[in-house]
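Student:
Number of protein chains: 2
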Amino acid sequence: MSIFIKNILLDEQTTNISIKGDKIHAIGTDLVPAADDTIIDGANMAAFPSFANMHGHAAMSLFRGFGDDHNLSDWLNQWIWPNERNLDSEIIYWGVRLACLEMIKSGTTAFADMYFFLPDAARAVEESGIRAILSQSFVDLHNPEMTANVRREVEGMEQMICEWNSSHTLTQFSIAPHAIYTVSNETLKFFADFCHRHNLLYHIHMSETNSEVENSLKDNGCRPYELLDRLGILEQMGSHFLGAHSLHLSQHEIELLGKYHCNVAHNPNSNLKLASGHKFLYNELRNAGVNVTLGTDGCSSSNNLDMIEATKVMSLLQKGWRNDPLAMPASEALNVATVNGFKALGVDAGEVAVGKTADLMLVNLDNLAFVPNNNTMSNLVYAAHGDCVDTVICNGKIVMRHRHVDGEEETIREARRIVSKLITVRPE
Amino acid sequence: MSIFIKNILLDEQTTNISIKGDKIHAIGTDLVPAADDTIIDGANMAAFPSFANMHGHAAMSLFRGFGDDHNLSDWLNQWIWPNERNLDSEIIYWGVRLACLEMIKSGTTAFADMYFFLPDAARAVEESGIRAILSQSFVDLHNPEMTANVRREVEGMEQMICEWNSSHTLTQFSIAPHAIYTVSNETLKFFADFCHRHNLLYHIHMSETNSEVENSLKDNGCRPYELLDRLGILEQMGSHFLGAHSLHLSQHEIELLGKYHCNVAHNPNSNLKLASGHKFLYNELRNAGVNVTLGTDGCSSSNNLDMIEATKVMSLLQKGWRNDPLAMPASEALNVATVNGFKALGVDAGEVAVGKTADLMLVNLDNLAFVPNNNTMSNLVYAAHGDCVDTVICNGKIVMRHRHVDGEEETIREARRIVSKLITVRPE
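Just so you know, the protein sequences line up as chains A and B, in that order. My numbering numbers the first residue of the first sequence as 686 and each following residue consecutively. My numbering numbers the first residue of the second sequence as 686 and each following residue consecutively.
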């Protein structure tokens, strides 16, 4: 498949973009389409890289708006956990289809996920045409019997993971330790050995709340990232490490993350909504050499998967809490949400440039966020929402055109049907 | 004109809504339409009150994205002020048309504005079919000659304002002192007398930044609201007082605002983006009896007019800075953005209830923010953006149906044309 996007605004200049296979082949004003190119008329549209949503729980889109405005322990104990017992292959499949549909419609072509039922989730992602690293989440609750069970379960998945990863491009599997407070040191390290052996992403919730840090100081005598360092995990995983949230950090922890070129995934909307904290140390992490990426978290925390909204909130929050209107300008925020995420996923995308993997989006400049269009980048980050996205291309293939996504009506219908199978407990 | 909305979701129940003239006439499952009713099929839609955007500078939509990510003094001196010299009737008219279009498309039917060229702005609002209190902004820079000029100018407007206000419903005029740091005490008091005499809204920027408070302490020996109290303005204006921002307040100032039943307009996105502050004292103001309303500020500060986004950011920010996930639940946030705003405007709307003025919106439940629809209110506030709004009714008249607004294409075309007349200075 080859695509020719003609007369498209890119970096405030009108040009043409030629895509061949999975790559951006050429960009220039004097390009002409080949006979078999699919032509996209870029008039009144602008090209941007698509987004990489670097932390979430895609199937939890089915829980959207369920149990909001309750405290964390009520929400988990009374609303979420009793219903998660109902999870099965069919629920996961349609939950992930729904999440992929929402991501495509708001310009996201890649995500890092942490949940369950990997093959069903992967089928949904592959059929949607976008990419994901799907990590199965585990806890052992520091219980020796569960530790042994988790080890057996992961060993049982080893062949499946290796076979899947060697035979697929868009989806890759991994295993994820949920967090240091739900996973024993032994399992944390076992997972790191496993991920290191198979070249997998090590995706874990880290330093999301102050109490997590305080409990670590009490239980481990050190802060969460110091614990991982002591276990040798940061050095072992390096750029394959992805610490979701990473909100409450000491200078020493930031230095450790930088030293080993780790990735963190910031989730500003989730952090605000759950009151986890609002002072994400972006400048400090960036300056230390950490690759900072952006995520939405799951829809039961943050309640949508719109990376444009997340990019804006991230940027505004940096300006706000730092008391600095020049903090994180639009272009830097967009880089965090795009190229940094793809880098963490090991995909050479996130920039509309020759030779890059063809993950990109075209935004509609008739959307009022771009009227008038004094600055396309500024309008995308500060004024727009996901509905400005007209066309989405992932890995050189069109997955949305003029806001039409194949199977949208079926996905909405099935998501509405399946939610009654998932949610059987509704607290008063 | 009468409207019958059948089978519409309202407060999680399916019902019918009958609108006659400018009022919600009846609501009930057993209603039947009259012969001449315009029928709206509410299937797969939900009714909510429309929004009141309580602080902004509508025509500045034309500056959207112009000079972002510069410091305030550069932005004003190099980007905005040199171009504001170009303002004329035509620019204002199309700027306000553009703002009204964006407001309608995101469910807003009323706004409080502070800018220039009232008759041109009013023509744009009336032709758009929504409502506004338009206040002409003045500064005298504490200069006696300018003070005299402002007084002459306002006295020259007196007849026009009175005649307009007595002959119009949707638009009303007033005069606005810009802020205490740009307007002398004499003019502040003169405006209060004028507004009190003619029953007008007194709309002023208040306590937006820390330095404003510090300068007031230095110059006046008291905080900004204490100055207004000393001048007798809070007592005089009472519920006709609208203090935009009101971000940096002492407990004494909050008590003063409560004592006189004043209104404040919170602008969370603008406050974050300009790094004015992020700890808006919502609970404290509410508990003191202040009517807290919500605004977006102008598009050159916050960059869009989407009140759904503003409502979400307001609610999340309260949870975030207070470290309390139960702060400002969705329904309370929506009240701030709707009924509280209409109350400040003196319009009996902001609730979809019998006898209320018919300002309301219908949201499309096929929008992914509502899939699945575990909680319509939560999905509106936490998951949706303006594009979920399908139909908007203002004062009993349909101003948007299936996202179609009359004159949209012309407004976009003219906004694009006129911006080249407005923006003639573009700093490097």
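Here a beta-carbon is modelled for each residue, glycine too, at the ideal position from N, C-alpha and C. Note that the coordinates shown come from a computational prediction; the quantities given were computed from them, not determined experimentally.
Going straight from the alpha carbon of A/Cys880 to that of A/Phe858, what length do you get?
Tutor: 10 Å
Student: With C-beta atoms as the reference, is B/Leu959 less than 8 Å away from B/Ser986?
Tutor: yes
Student: Counting only Cβ-Cβ distances shorter than 9 Å, please list the residues of the region 742 to 753 of chain A near chain B, keeping chain order.
Tutor: Ser746, Leu747, Phe748, Arg749, Gly750, Phe751, Gly752, Asp753
Student: Quick one: what's got a C-beta closer than 7 Å to A/Asn768's C-beta in the same chain, skipping five residues either side?
Tutor: Here the set comprises Leu1107, Ile1108, Thr1109, Val1110.
Student: Using a Cβ-Cβ distance under 8 Å, would A/Ser1070 count as near chain B?
Tutor: Note that residue 1070 of chain A is His in the sequence shown here, rather than Ser. For A/His1070, the answer is yes, since a Cβ of chain B falls inside 8 Å of its Cβ.
Student: Could you please give the first and the last residue of the uninterrupted beta strand (DSSP E) stretch that includes B/Lys964?
Tutor: Judged by DSSP secondary structure, B/Lys964 falls outside any beta strand (DSSP E); it is assigned neither H nor E.
Student: Using the beta-carbon of each residue, which ones in chain B are nearer than 7 Å to A/Arg1101?
Tutor: Val1056, Pro1057
Student: Using DSSP with H/G/I as helix, E/B as strand and the rest coil, what is B/Gly1026?
Tutor: Three-state DSSP puts B/Gly1026 in a helix.
Student: Determine whether the beta carbon atoms of A/Thr832 and A/Ile815 lie at a separation below 8 Å.
Tutor: Cβ atoms of A/Thr832 and A/Ile815: not closer than 8 Å.
Student: For A/Gly928, which residues does DSSP report across the bridge?
Tutor: A/Ile889, A/Val949
Student: Can you list, in chain order, the residues of the region 1006 to 1028 of chain A whose Cβ is nearer than 8 Å to any Cβ on chain B?
Tutor: Trp1006, Arg1007, Asn1008, Asp1009, Pro1010, Leu1011, Ala1012, Pro1014, Ala1015
Student: Answer with yes or no whether the minimum CB distance from B/Leu966 to chain A is below 8 Å.
Tutor: no
Student: Closer than 8 Å by beta-carbon distance: list the chain B residues that pair up with A/Leu932, in chain order.
Tutor: In chain order: nothing, as chain B lies at least about 11 Å away.
Student: Can we say the region 976 to 991 of chain B touches the region 948 to 956 of chain B, given the rule of at least three CB pairs closer than 8 Å?
Tutor: yes
Student: Are any of the Cβ atoms in chain A nearer than 8 Å to that of B/Ala861?
Tutor: no
Student: With a CB to CB cut of under 7 Å and the five nearest residues on each side skipped, what residues in its chain are close to A/Trp1006?
Tutor: His963, Lys964
Student: To the nearest whole angstrom, what separates the beta carbons of A/Asn1049 and A/Cys1073, a pair I think is in contact under 8 Å?
Tutor: 6 Å
Student: Within a Cβ cutoff of 8 Å, which residues of the same chain sit near B/Lys903, ignoring the five residues on either side of it in sequence?
Tutor: none
Student: Of the residues A/Leu942, A/Met799, A/Lys691, which one's Cα is nearest the Cα of A/Ala861?
Tutor: Just measuring C-alpha positions, the residue of A/Leu942, A/Met799, A/Lys691 sitting nearest A/Ala861 is A/Met799.
Student: By the 10 Å Cβ neighbour count, where 16 or more other Cβ atoms means buried, how is A/Asn1060 classified, buried or exposed?
Tutor: Burial state of A/Asn1060 is buried, judged by a 10 Å Cβ sphere holding 16 or more other Cβ atoms.
Student: What residues from chain B crowd round A/Lys1004, counting only those whose CB sits closer than 8 Å?
Tutor: Leu957, Lys958, Leu959, Ala960
Student: According to DSSP, is B/Gly1031 helix, strand or coil?
Tutor: coil
Student: Between A/Thr699 and A/Ala1029, what straight-line distance do the alpha-carbon atoms span, to the nearest angstrom?
Tutor: Going from the Cα of A/Thr699 to the Cα of A/Ala1029 covers about 31 Å.
Student: Relative to chain A, which residues along the region 779 to 803 of chain B have a C-beta separation below 8 Å, given in chain order?
Tutor: Leu783, Leu786, Glu787, Lys790
Student: What residues in its chain sit with their C-beta under 7 Å from that of A/Val1104, if we drop five residues either side in the sequence?
Tutor: Leu747
Student: Taking all protein chains shown into account, do 16 or more other C-beta atoms lie within 10 angstroms of the C-beta of B/Gln675, making it buried, or fewer, making it exposed?
Tutor: This structure leaves residue 675 of chain B out entirely; chain B is present only between 686 and 1113.
Student: In terms of alpha-carbon separation, which member of B/Asn828, B/Glu848, B/Arg882 lies closest to B/Asn870?
Tutor: B/Asn828
Student: Please list the partners that A/Val998 has in chain B, where partner means a Cβ-to-Cβ separation under 8 Å.
Tutor: Val998, Leu1001
Student: Output yes or no for whether 8 Å exceeds the beta carbon distance between A/Ile865 and A/Ser820.
Tutor: no
Student: With which residues is B/Thr978 paired in a DSSP beta bridge?
Tutor: B/Ala950
Student: Name the DSSP beta bridge partners of B/Arg782, please?
Tutor: None; B/Arg782 has no bridge partner.
Student: Under DSSP, the alpha helix (DSSP H) around B/Tyr910 begins and ends at which residues?
Tutor: 909 to 915
Student: Is DSSP giving A/Ile846 helix, strand or coil here?
Tutor: Of the three classes helix, strand and coil, the one that applies to A/Ile846 here is helix, per DSSP.
Student: Just curious, the alpha helix (DSSP H) that B/Asp798 is in, first and last residue?
Tutor: Per DSSP, B/Asp798 belongs to no alpha helix (DSSP H); it is in the beta strand (DSSP E), 793 to 800.
Student: Assuming B/Leu886 contacts B/Glu1093 under a Cβ cut-off of 8 Å, what Cβ separation, rounded to an integer in Å, is found between them?
Tutor: No, B/Leu886 and B/Glu1093 are not in contact; Cβ-Cβ is about 29 Å, not under 8 Å.
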